[in-house]
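Residue numbering for the sequence shown follows UniProt numbering, beginning at 1 and increasing consecutively.
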Amino acid sequence: MKSIAIRNAILCVCAWAFIPVVSRFGQTDLNNHQFLFWSSLFSFLALFLVSWKSGRLNELKTYRARDWVSASALGFLGAYLYFLLLYQGYAEGKGMEVLVIQYTWPIMIAALAPVILKETLGTRNLVAISLGFAAVFTVLTRGHYTEFSVARPDLMGWVGLGALCFALFCVFSKKIHLEPLTLTMVYFAVATIASFISMMATDGFAMPTTPQSWFIVIATGFFVNGLSDALWFWTLRQAPASFLAPFTFMTPIVSTGYMLIFFNEPFEWAYTGALILIVAAGLVNTLDFSVLRERALRQRIKRQDQTLPTAKDAFESTIASSDS
C-alpha cells in the first residue's frame, strides 16, 4: 500500500511542479486575472465530476452557514489571492526568484501558527524560520551578501504576499473540519467567482486565442490544480500525512528541472543554495523528529529481540549440552 502512496505522491508533485511553466506559457494572451478565471473554472469542474462520481456532493448539504463563510474566506485566500499573485510573479519575474519566494509559505506557517493557533514556538520552528530567511536573503542578494540585486523587488513583494496568503490559508484550515474533496471544490468555486469579478474590473472578459493556450488552461485546471488535488486527498487515506508530507518539498526541486528545460533563463548557483535552504526549512518544520527517533528505537529493539534466543531455544540448548 505504501508503494502506491509513494507513486501517487510523486505524480502529485510532478503535476504541482508544472505551475511555473503553465503560469508563464498560459499568460501569453491572457493576464493573471483571466488565466486564473479559466484555470479555476476547469479545476472546479474536475473536482465537481470527481465529487459527483464518488457520491460526496451530498456533503455540501451538511454545511452550516458558518461553514460556508469559513470555506469562502479560505478559498479567497488560498485559491484566489495566492494564485493571482503567483501567476503575476511567474509572468513578469525571473522563475527561480519567484520559486524560492513562493516556497517561503511553510516557513511563514512556522511563524504564524504560534500566534494564531497558540502553538508552542519550539527550537524546530526557530530553525525553520532562520533557514527560510537565509534562503530569501540569498535570493535577494544572489549570493553577494553585501549587495541587494533582485531584479523586481516590488514584484517579489507581491509574490511574498501571495505566500503569506497561502500560509494563512494553511493555518486557518486546521480549524475547519469538512470533507476535503468537496471543500476544495468550494475553494475553486470561490476562486472562479472572485477572478471573474476582478477580470471584468480590470481588462475585461477574454478567452484563450490559440489551441496551445486552450490546452494549457485546461491542463492547468484539470491536472495541475484539479485532479492532482483529488489524488492527493485519496492518497492521504492510504498513508499517514507525516509519511507523505516530505514528498511535497520535492516540488520546488522538480520545478527547477522543468524551468531549466522550458525557460531560457540564466541559472545562478545562489538559487541552488536558496533552494536547498528552503527545502531544509520545510523538512525541519514538517518532520517530527521525536517520532522518527521513537520509530528507530522500536526497530532497533525489534532487531535485538530477533537475535536474542528464546526461552525454548535456551532450554533445548541446555538439554543438548547435558546429553552430550
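Ideal Cβ positions, reconstructed from N, Cα and C, are used throughout, including at glycine. None of the values given here were measured: they were computed from a predicted structure.
- Task: Please name the residue in W214, N264, A241, W232 whose C-alpha comes closest to that of V13.
- Result: In terms of CA proximity to V13, W232 leads the group W214, N264, A241, W232.
- Message: Among P240, V279, A230, D154, whose alpha-carbon lies nearest the alpha-carbon of V254?
- Response: Among P240, V279, A230, D154, the Cα nearest to that of V254 belongs to V279.
- Item | I197 and G26 closer than 8 Å at C-beta | Their beta carbons are not under 8 Å apart, which means I197 does not touch G26 by this criterion.
- Could you tell me whether the region 8–24 touches the region 178–188, where touching means 3 or more Cβ pairs closer than 8 Å? Using a Cβ-Cβ distance cut-off of 8 Å, the region 8–24 and the region 178–188 are not in contact, since fewer than three pairs of beta carbons, one from each stretch, lie closer than that value.
- Query: So the alpha helix (DSSP H) residue 333 belongs to, where does it begin and stop?
  - Reply: With the chain covering only 1 through 324, there is no way to say anything about residue 333.
- Can you give, in chain order, each stretch of the alpha helix (DSSP H) that sits fully within the region 68–98 and has at least 4 residues? Runs found: 82–92.
- Residue ranges of each alpha helix (DSSP H) run of no fewer than 4 residues wholly in the UniProt domain "EamA" (158–282), ordered along the chain? Counting only runs of 4 or more, we get 180–201, 211–219, 228–236, 241–248, 251–262.
- Task: Go ahead and pull the three-state DSSP assignment for L41.
- Result: Three-state DSSP puts L41 in a helix.
- Message: Using only CA atoms, which one of Y187, T62, W269 lies nearest to L77?
- Response: Checked all of Y187, T62, W269; the closest Cα to L77 is Y187.
- Query: Three-state secondary structure (DSSP) at N58?
  - Reply: Under the three-state reduction of DSSP, N58 is assigned to helix.
- Query: Where does the unbroken alpha helix (DSSP H) through F25 begin, and where does it stop?
  - Reply: For F25, the enclosing alpha helix (DSSP H) stretches over residues 19–25.
- Message: Can you confirm whether the region 39–55 touches the region 90–97 when touching is taken to mean that 3 or more C-beta pairs between the two stretches lie within less than 8 Å?
- Response: Taking one beta carbon from each stretch, the region 90–97 and the region 39–55 have fewer than 3 pairs nearer than 8 Å; the two do not touch.
- Task: Determine the direct distance from the alpha carbon of V21 to that of L36, and round the result to whole angstroms.
- Result: When only Cα atoms are considered, L36 and V21 end up about 14 Å apart.
- Task: Inspect the beta-carbon positions of L275 and T256 and report whether they are closer than 8 Å.
- Result: Cβ distance < 8 Å, so L275 and T256 count as in contact.
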